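Peer 1:
There are 2 protein chains.
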Amino acid sequence: MGQVAGEASPASRRRGPGARESILDAIRAAGRLSRVELAAITGLTEAAVSMTVRRLLEEGLVVETGRTPTGGKPRTLLRLDPAARLAVGVYLDRDTTTYVLTGQTGGVISRLARPAPTGDLLSHLAADIDVLLAGSGVDRARCLGVGLVWPGPRSGVARLDDTPPHLRGWDGEQLGRDLAAAAGWPVLVENNATAAAVGEYWVARVGPERAFAALYMGSGIGAGIIVDGRAMRGGHGGAGEFGHVCVLVDGPECWCGSRGCLEALAGPRAVVAAALADPAAAAEAGLDPGAARRGAATDFAAIARAARAGAPRCLALLEDSARYVAAAAESVVNLLDIDLVVLTGPGFAAASFVYGPAIMRRVGVADARTWRRSVTVTVSLAAATASATGAAALVLQSHLRR
Amino acid sequence: MGQVAGEASPASRRRGPGARESILDAIRAAGRLSRVELAAITGLTEAAVSMTVRRLLEEGLVVETGRTPTGGKPRTLLRLDPAARLAVGVYLDRDTTTYVLTGQTGGVISRLARPAPTGDLLSHLAADIDVLLAGSGVDRARCLGVGLVWPGPRSGVARLDDTPPHLRGWDGEQLGRDLAAAAGWPVLVENNATAAAVGEYWVARVGPERAFAALYMGSGIGAGIIVDGRAMRGGHGGAGEFGHVCVLVDGPECWCGSRGCLEALAGPRAVVAAALADPAAAAEAGLDPGAARRGAATDFAAIARAARAGAPRCLALLEDSARYVAAAAESVVNLLDIDLVVLTGPGFAAASFVYGPAIMRRVGVADARTWRRSVTVTVSLAAATASATGAAALVLQSHLRR
DNA sequence: CCCACATTCTTAAGCTACTGAACGAAGTCC
DNA sequence: GGACTTCGTTCAGTAGCTTAAGAATGTGGG
């Protein structure tokens, strides 16, 4: 009889992601690869690689780029043409809208930042996308579409409390459809945390074998989770509510209606509120409790700057918040057997020097003692643009696999 | 230009699960279906359905079973032959080993329970599997293999603290390989919580559109999570450590090395310990603090029985535990946008009358107020065998799709 | 009874994406 | 210049589907 004890067996020629996608992904991850290497990595036959690569060369997605000597015939190396296909990523933040033009390799070709629009959202976005494309001087025919990142869910309305005024009332799907009509491009909408995770996955060359979570701090806290190379969007596309993981059973009430949510205890708004309530901390951070409040993200960044500069009260506030975040991060890591935690978004970009070590300390103990694994905690290298890049990556991905 | 705003578009003829699997799944879910209906449900062509069904009929997996009149030619209905292919599910519990023989439809054909073996684990298992098959009088050629459920991870060793003595030191993969050799069947190893989730998914006809979590209480607490019809096993197959979700940042130290873990605060062992520390509760449940301890699951069941019979101290203990479990459940639901929570395993089977309502209460508030979703909490109808059935289902699944 | 008509299922030809195996190409080493 | 090595391509299948046409099997009307 058989003696299989694990996964798939001989007939493992199971339906994978398709040759095109596998090959593009492998080259993107490795930078440059020969056809034989591709065959080895993807598990495809050399014949299949050869045929698929020829088509990719014809389409201009891939170019040959030198050769490496071997014992016999040298290998011809292949790389992606970064500008063969492009996509625009738009990141709708509270007070800034960031536009990014990205190519196949994930690099930012061109960037544009504007204050958040006050009037008609759609026409502003459409106009700015045009400006970005015109200013970068690329062939518009190569642009495949627009990825739109916002703090709300992929489809459905953003929660009122946490949403910048100019985005209130919008539904993700609706926004996508309307912008597609207004701008004349295919539009894909994504949540900011998920987009950030996709961006890291795409740009930072995280392999599909690593299960990872991108923790995102903007004016709230979210998590984008990628396992087996697939973004987890949950039942109705509303996954990633990291801010509403409970870290204190009977903690203070959260605006969501529950108790002890991470966001209520340790989110940027909670940190800012604590700083405003503490005159010493407010002074350190240069916050004026009387003044009209800017976004939580802005005030939070001020506190982080002060803490980094050595302000003790601000540092204490962040350390306190980090304790909670670390506990919630540990929950996620344990629940999903996560390998890699990436801190991203403006909040963590400003304060990772506190949150990173806190998470590592918390996860490290049980990690070594019990789970025999080793979780890596890193800080995104492109926290400011990761989301926008991720959204653009989703657009590219969806078109390139075909 | 295009106006795509969501998922895949025209070329949605994307590589799905394969006709065979789709068709079998559709019939299993619906009970009886005609070919046209199958085409509509699976999205395949009628031609493809026809061909695939013919092969399934030849293999005996599917049988025709009557017809329904229409305006024209009546439909021939198809159903699965429950006994066409079989698999054995083995559930290694602390003091009992349960064997289940399951067919294509998930029904239990035959069952066997034995005290946990004390001597050589493998030979006991192999012998009992033989007994089960012999006793049920089925054709051994129809049996595809054995699914083995244990409290440890799919591959890797079970954590010492939580493992019944006869399983200590085993590694999941090793156990599978060795049992395959000893019993002469292909063996697949799975964690009990994940297996329970698969069992629910398979038996209780949960559709792949629902993201669901099976919370499992045995001598510890775990969660099996299924999203998009796929079990989440995480980076190294160690996902589902629901018991080590943190519900109290600075809670008591857990044996895992961290603090405030659900299991340390509210797991069955914690509940039993609390009952032993409280003479009134111990008396209600008939626990003798001086006696040698049986498994936590057994003592916990005694407490649950007492509570159900009206014992106030025991009820209070469970209510207290349920508060924590509910908070952790809410975390999972929020993090992964879970639709459906199923309570299963001996612990929840005994005490669901407390835990079910507690989870519903906790999740319900924010659900209605903020998330505009509606999470269902149910109790498994076959909590005792769900795990074993699930493991058998995995074996069947892996063979049937080919 | 026989003939539209509706509907279900089957058959045949073709397409896509891959595999296997043989072969051509382009180097190195002696 | 020939043997050898390694890389890449070509060609003929094959699996699994699709599209398009047609066969089977019922209904209701004259």
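Here the protein sequences come in this chain order: F and U.
All residue numbers in the first sequence are consecutive under the numbering used here, ending with 513.
All residue numbers in the second sequence are consecutive under the numbering used here, ending with 513.
Beta carbons: idealized from backbone N, C-alpha and C, even for Gly.
Just so we're clear, the structure is a prediction, and the values are computed from it rather than from any experiment.
Are there 16 or more other CB atoms within 10 angstroms of the CB of Ala460 of chain F, so buried, or fewer, so exposed?
Peer 2: Ala460 of chain F comes out buried.
Peer 1: Compute the Euclidean distance between the alpha carbons of Thr207 of chain U and Gly263 of chain F, then round it to the nearest angstrom.
Peer 2: Looking at the two C-alpha atoms, the distance is approximately 49 Å.
Peer 1: Out of U:Ala293, U:Val506, U:Ala392, U:Phe353, state which residue places its alpha-carbon closest to the alpha-carbon of Ala377 of chain U.
Peer 2: Comparing Cα positions, the closest option is U:Phe353.
Peer 1: Would the beta-carbon of Leu428 of chain F fall within 8 Å of that of Ala386 of chain F?
Peer 2: Yes, the pair counts as a contact, with Cβ atoms nearer than the cut-off.
Peer 1: For Asp192 of chain F and Gly171 of chain F, which I take to be in contact (beta-carbon distance under 8 Å), what is that distance rounded to the nearest angstrom?
Peer 2: Contact holds; Cβ gap of about 6 Å.
Peer 1: So is His476 of chain U in contact with chain F if we call contact Cβ pairs under 8 Å?
Peer 2: As written in the sequence, residue 476 of chain U is Val, which differs from the His given in the question. Yes, Val476 of chain U counts as interfacial toward chain F.
Peer 1: Looking at the structure shown, is Asp282 of chain U part of a helix, part of a strand, or coil, going by DSSP?
Peer 2: Three-state result, Asp282 of chain U: strand.
Peer 1: Report the three-state DSSP secondary structure of Trp261 of chain F (helix, strand or coil).
Peer 2: In this structure, Trp261 of chain F counts as strand in the three-state DSSP scheme.
Peer 1: In terms of residues, what are the limits of the beta strand (DSSP E) holding Leu326 of chain U?
Peer 2: 323-328 is the span of the beta strand (DSSP E), which, as asked, contains Leu326 of chain U.
Peer 1: Cβ closer than 7 Å: which chain F residues qualify as neighbours of Glu441 of chain U?
Peer 2: Chain F residues near Glu441 of chain U: Cys357, Ser369.
Peer 1: Using beta-carbon positions only, say whether Leu255 of chain U and Arg196 of chain U come within less than 8 Å of one another.
Peer 2: Their beta carbons are under 8 Å apart, which means Leu255 of chain U touches Arg196 of chain U by this criterion.
Peer 1: Write down the C-beta distance between Asp304 of chain U and Ala497 of chain U rounded to the nearest angstrom, noting that I regard them as a contact closer than 8 Å.
Peer 2: A quick correction: the sequence has Ala, not Asp, at residue 304 of chain U. Ala304 of chain U to Ala497 of chain U, Cβ: 10 Å. No contact.
Peer 1: Of all the CB atoms in chain U, is at least one closer than 8 Å to the CB of Thr481 of chain F?
Peer 2: Yes, its Cβ sits closer than 8 Å to a Cβ of chain U.
Peer 1: Are the C-beta of Gly117 of chain F and some C-beta of chain U separated by less than 8 Å?
Peer 2: Confidence at Gly117 of chain F is low in this model, with a pLDDT of 32, below 50, so the placement of that residue is unreliable and no value is reported for it.
Peer 1: Which residue wins for smallest C-alpha separation from Arg520 of chain U, given the options U:Leu426, U:Cys367, U:Pro128, U:Arg178?
Peer 2: Nothing in the structure corresponds to residue 520 of chain U, since chain U is present only between 112 and 513.
Peer 1: May I ask which residues mark the beginning and end of the alpha helix (DSSP H) holding Ala198 of chain F?
Peer 2: It is not in any alpha helix (DSSP H) - Ala198 of chain F instead sits in the beta strand (DSSP E) that spans 197-203.
Peer 1: Where does Ala122 of chain U fall in DSSP's three states?
Peer 2: In this prediction, Ala122 of chain U has a pLDDT of 30, which is less than 50 and means its spatial position is unreliable; what the coordinates show is noted afterwards. Three-state result, Ala122 of chain U: coil.
Peer 1: Please decide whether Gly335 of chain U counts as near chain F, where near means a Cβ-Cβ distance under 8 Å.
Peer 2: Output row for Gly335 of chain U: interface = no.
Peer 1: Could you give the C-beta distance for Val382 of chain U and Ile332 of chain U, rounded to a whole number, given that I count them as a contact under 8 Å?
Peer 2: The Cβ separation is near 11 Å, so there is no contact.
Peer 1: Which runs of the alpha helix (DSSP H), 4 residues or longer, sit entirely within the region 322-408 of chain U?
Peer 2: The qualifying runs are 373-377, 379-388, 390-396.
Peer 1: Considering only residues of the same chain and omitting the five flanking positions on each side of Gly329 of chain U, which have a CB-CB separation below 8 Å?
Peer 2: Asp204, Arg205, Pro262, Asn303, Pro379, Ala408, Gly456, Pro457, Gly458, listed in sequence order.
Peer 1: Quick check: the Cα distance between His347 of chain F and Asp448 of chain U, rounded to an integer number of angstroms?
Peer 2: His347 of chain F and Asp448 of chain U: Cα-Cα distance of roughly 7 Å.
Peer 1: For Asp410 of chain U, return the contacting residues in chain F, with the cut-off set at a CB-CB distance below 8 Å.
Peer 2: Residues of chain F passing the Cβ test: none, with the nearest at roughly 24 Å.
Peer 1: Is there a Cβ of chain U sitting closer than 8 Å to that of Glu352 of chain F, yes or no?
Peer 2: True, the Cβ-Cβ gap to chain U drops below 8 Å.
Peer 1: Which complete alpha helix (DSSP H) runs does the region 142-228 of chain U hold, if anything under 4 residues is left out?
Peer 2: Listed in chain order, the complete alpha helix (DSSP H) runs (minimum 4 residues) inside the region 142-228 of chain U are 146-153, 157-170.
Peer 1: Is it buried or exposed, Thr181 of chain F, if we count other Cβ atoms within 10 angstroms and call 16 or more buried?
Peer 2: When all chains shown are included, Thr181 of chain F counts as exposed.
Peer 1: Can a CB atom of chain U be found closer than 8 Å to the CB of Ala322 of chain F?
Peer 2: It does; some Cβ of chain U falls within 8 Å.
Peer 1: Could you compute how far the alpha carbon of Ile134 of chain U sits from the alpha carbon of Arg472 of chain U?
Peer 2: Roughly 39 Å between the two C-alpha positions.
Peer 1: 8 Å is my cut-off, CB to CB: does Arg484 of chain U come that close to chain F?
Peer 2: Taking Cβ atoms only, chain F reaches closer than 8 Å to Arg484 of chain U, which makes this a yes.
Peer 1: Is there a Cβ from chain F that is less than 8 Å from the Cβ of Gly349 of chain U?
Peer 2: Closer than 8 Å to some Cβ of chain F, the Cβ of Gly349 of chain U qualifies, so yes.
Peer 1: State yes or no: is the beta carbon of Asn515 of chain F nearer than 8 Å to at least one beta carbon in chain U?
Peer 2: Shown here, chain F extends from 112 to 513; a query on residue 515 of chain F therefore has no answer.
Peer 1: Which runs of the alpha helix (DSSP H) spanning at least 4 residues fall entirely within the region 420-478 of chain F, listed in chain order?
Peer 2: Correct list: 423-447, 456-477.
Peer 1: Determine, using beta carbons only, whether His277 of chain F and Leu232 of chain F come nearer to each other than 8 Å.
Peer 2: Yes. Within cutoff.
Peer 1: Closest to Leu511 of chain F by C-alpha separation, out of F:His235, F:Gln215, F:Ala412, would be which residue?
Peer 2: Taking only the C-alpha atoms, the option nearest Leu511 of chain F is F:Gln215.
Peer 1: With distance defined between alpha-carbon atoms, name the residue in U:His355, U:Glu301, U:Thr500 nearest to Pro441 of chain F.
Peer 2: The amino acid at residue 441 of chain F is misidentified as Pro; the sequence shows Glu. Looking at the Cα atoms, U:His355 is the closest of the given residues.
Peer 1: Report all residues from its chain with a CB closer than 6 Å to the CB of Leu426 of chain F; omit the five preceding and five following residues, and keep chain order.
Peer 2: Excluding positions up to five away in sequence, the list reads Ala418.
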